[in-house]
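For the record, the sequence lines run as chains H and Z.
With the numbering used here applied, the first sequence corresponds to residues 404 to 513, in that order.
With the numbering used here applied, the second sequence corresponds to residues 950 to 1065, in that order.
The structure under discussion appears below in the form of structure tokens.
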Amino acid sequence: RKEVEQDPGPFNVPEGATVAFNCTYSNSASQSFFWYRQDCRKEPKLLMSVYSSGNEDGRFTAQLNRASQYISLLIRDSKLSDSATYLCVVFAGGSYIPTFGRGTSLIVHP
Amino acid sequence: GAVVSQHPSWVICKSGTSVKIECRSLDFQATTMFWYRQFPKQSLMLMATSNEGSKATYEQGVEKDKFLINHASLTLSTLTVTSAHPEDSSFYICSAPGQGYGNTIYFGEGSWLTVV
């Protein structure tokens, strides 16, 4: 089993739709979690951190479920510009080396 | 905020030649930097961890004699792809961790290498 797993997709949704991605992690000692966005042929960029209590940033909501060892990303009112690959990033406790998921591809169409 | 700059953004080279990619932390010191390779539609694959003033730590399966890493200062790490072959064509990207454990990661812009 891979340390961090994501459904590669692609998720193909119309504008305005709500879409959710999950990311599961195998290391129960994982402490820090992030969602990154990667556009085609570009470097990943931080989308948001994932806090234990869950957090929201505009149309984006991230949640952590430690018991089931997964994090989620919810995108509401999808825009064409949301089309990208969303990477889940996990740090084990005391580590500065991140583990990346494979990424989930989102395609938002008119 | 912290910025990591990578150069060149893209390079085309002939098979058998060597290519050097630079990764600089612009407004912070990075004792550690990471080098990744990403093939199309694949995930980021960690190649090596670059440590300032000491030898890099390579991931299993990555040839250290082919991918030379030098981290001579707190703001610069270089990756040299020696005797490049077409199968080395890929997106190479560096990153540096933020302060403390489990902090955000700052990525360079990435370098597209095409070996012909």
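Even glycine gets a Cβ: it sits at the ideal position worked out from N, Cα and C.
Fair warning: this is a prediction, and the values are worked out from it, not measured in the lab.
Please report how far the alpha carbon of residue i lies from the alpha carbon of residue j, in whole angstroms.
i: Z/M996; j: H/K445; result: 18 Å
i: H/L515; j: Z/G965; result: Within the shown structure, residues of chain H are numbered from 404 to 513, placing residue 515 of chain H beyond reach of any answer.
i: Z/I905; j: H/G412; result: Since the displayed chain Z opens at 950 and closes at 1065, residue 905 of chain Z lies outside it and no answer follows.
i: Z/P957; j: Z/S999; result: 19 Å
i: H/G457; j: H/I474; result: 9 Å
i: H/V422; j: H/Y439; result: 16 Å
i: H/A470; j: Z/S1060; result: 39 Å
i: H/T502; j: Z/F1056; result: 14 Å
For the beta strand (DSSP E) containing residue i, name the first residue and the last one.
i: Z/S1054; result: It is Ile, not Ser, that sits at residue 1054 of chain Z in the sequence shown. Start and end: I1054 to F1056.
i: Z/L1017; result: F1016 to S1022
i: H/V511; result: T507 to H512
i: H/K482; result: It is not in any beta strand (DSSP E) - H/K482 carries neither H nor E in the DSSP assignment.
Suppose contacts are defined by Cβ-Cβ distances below 9 Å. Is residue i in contact with residue j by that definition?
i: Z/I1054; j: H/F437; result: yes
i: Z/S1044; j: Z/Y985; result: yes
So who's on the other strand from residue i, going by DSSP bridges?
i: Z/R986; result: Z/M994 and Z/Y1041
i: H/F436; result: H/V453 and H/V493
i: H/C426; result: H/Q409 and H/I474
i: H/C443; result: Paired residues: none, contrary to the question.
i: Z/I970; result: Z/L1028
To which residues of the same chain is residue i closer than 6 Å at the C-beta, ignoring the five residues directly before and after it?
i: Z/E1001; result: T980, H1020 and L1023
i: Z/D1037; result: V1030 and V1064
i: H/N425; result: Y473 and S475
i: H/N415; result: I510
i: H/P447; result: Y439, Q441 and L490
i: Z/R973; result: S954, T1024 and L1025
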